[in-house]
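Undergrad:
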Amino acid sequence: MHKFTDRAVAEVFESYPPAVRKKLLYFRTLIYEVAAKNTKIGELEECLKWGEPAYIAKSGSTVRINWKPSSPEQLFIYFNCKTRLVETFKEIYGNSFCYQSNRALVFNVRDKIPLAALKHCILLSLNYHRIKHLSLLGA
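Per the working numbering, the sequence shown starts with residue 4, numbered consecutively.
Shown next, in the form of structure tokens:
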């Protein structure tokens, strides 16, 4: 697991219920793995945006992950709603994911994750500034 460098981010993860924490730490690991395997992405900055763990690459658009007590069975991976990211995910992956408008992928805490598709979505987001001009973001 990638070591936390921001204590505030670590505290947010510690505040989640155990099953939620496990799944969100898995999402966090996937984000770091995708970035590490794609040298053009560069270093990620991990911080809090709106109180939620956020991952920022200079080459792309921010990815945020979160859980809300008001939706205890759901996990969210948020993308910038002013981009074409979620619109593109819908076009490519259709019903592979549940979506929240043009801003998030929504998962049930107990659901199996479509791993290859999710990694691809993360990759598109972390590379967004380089690919935003391409049809379907170059997918």
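We put the CB at the ideal spot given by N, CA and C, even for glycine.
Model, not experiment: these values are computed from the prediction.
(1) Per the contact definition of three or more C-beta pairs closer than 8 Å, is the stretch 7–26 in contact with the stretch 108–115?
(2) Can you give the beta carbon distance from valine 66 to isoleucine 80, rounded, assuming they're within the 8 Å contact cut?
(3) State the start and end residues of the unbroken beta strand (DSSP E) segment that holds alanine 57.
(4) Using CA atoms only, rank isn't needed, just tell me which of Leu33, Glu17, Asn41 is closest to arginine 133.
(5) Does the stretch 99–106 touch the stretch 68–76, meaning 3 or more C-beta pairs lie closer than 8 Å?
(6) Which residue or residues does DSSP assign as beta-bridge partners of isoleucine 68?
(7) Taking C-alpha atoms, which residue in Phe30, Ser128, Asp9 lies nearest to threonine 86?
(8) Per the DSSP calculation, asparagine 111 is bridged to which residue(s)?
(9) Take the Cβ of threonine 8 as the centre, count every other Cβ of all protein chains shown within 10 Å, and call the residue buried at 16 or more, exposed below.
(10) Name the two residues that bound the continuous beta strand (DSSP E) containing leucine 51.
(11) Just to confirm the assignment, what range does the beta strand (DSSP E) spanning tyrosine 102 have?
(12) Short check: CB of serine 138 to CB of alanine 120, under 8 Å?
(13) If tyrosine 58 and glutamate 46 are in contact, beta carbons under 8 Å, what's the gap, nearest whole angstrom?
TA: Checking against the coordinates, here is how it stands:
(1) yes
(2) 7 Å
(3) 55–59
(4) Asn41
(5) no
(6) Ile80
(7) Ser128
(8) Gln77
(9) exposed
(10) 48–52
(11) 101–103
(12) no
(13) No, tyrosine 58 and glutamate 46 are not in contact; Cβ-Cβ is about 11 Å, not under 8 Å.
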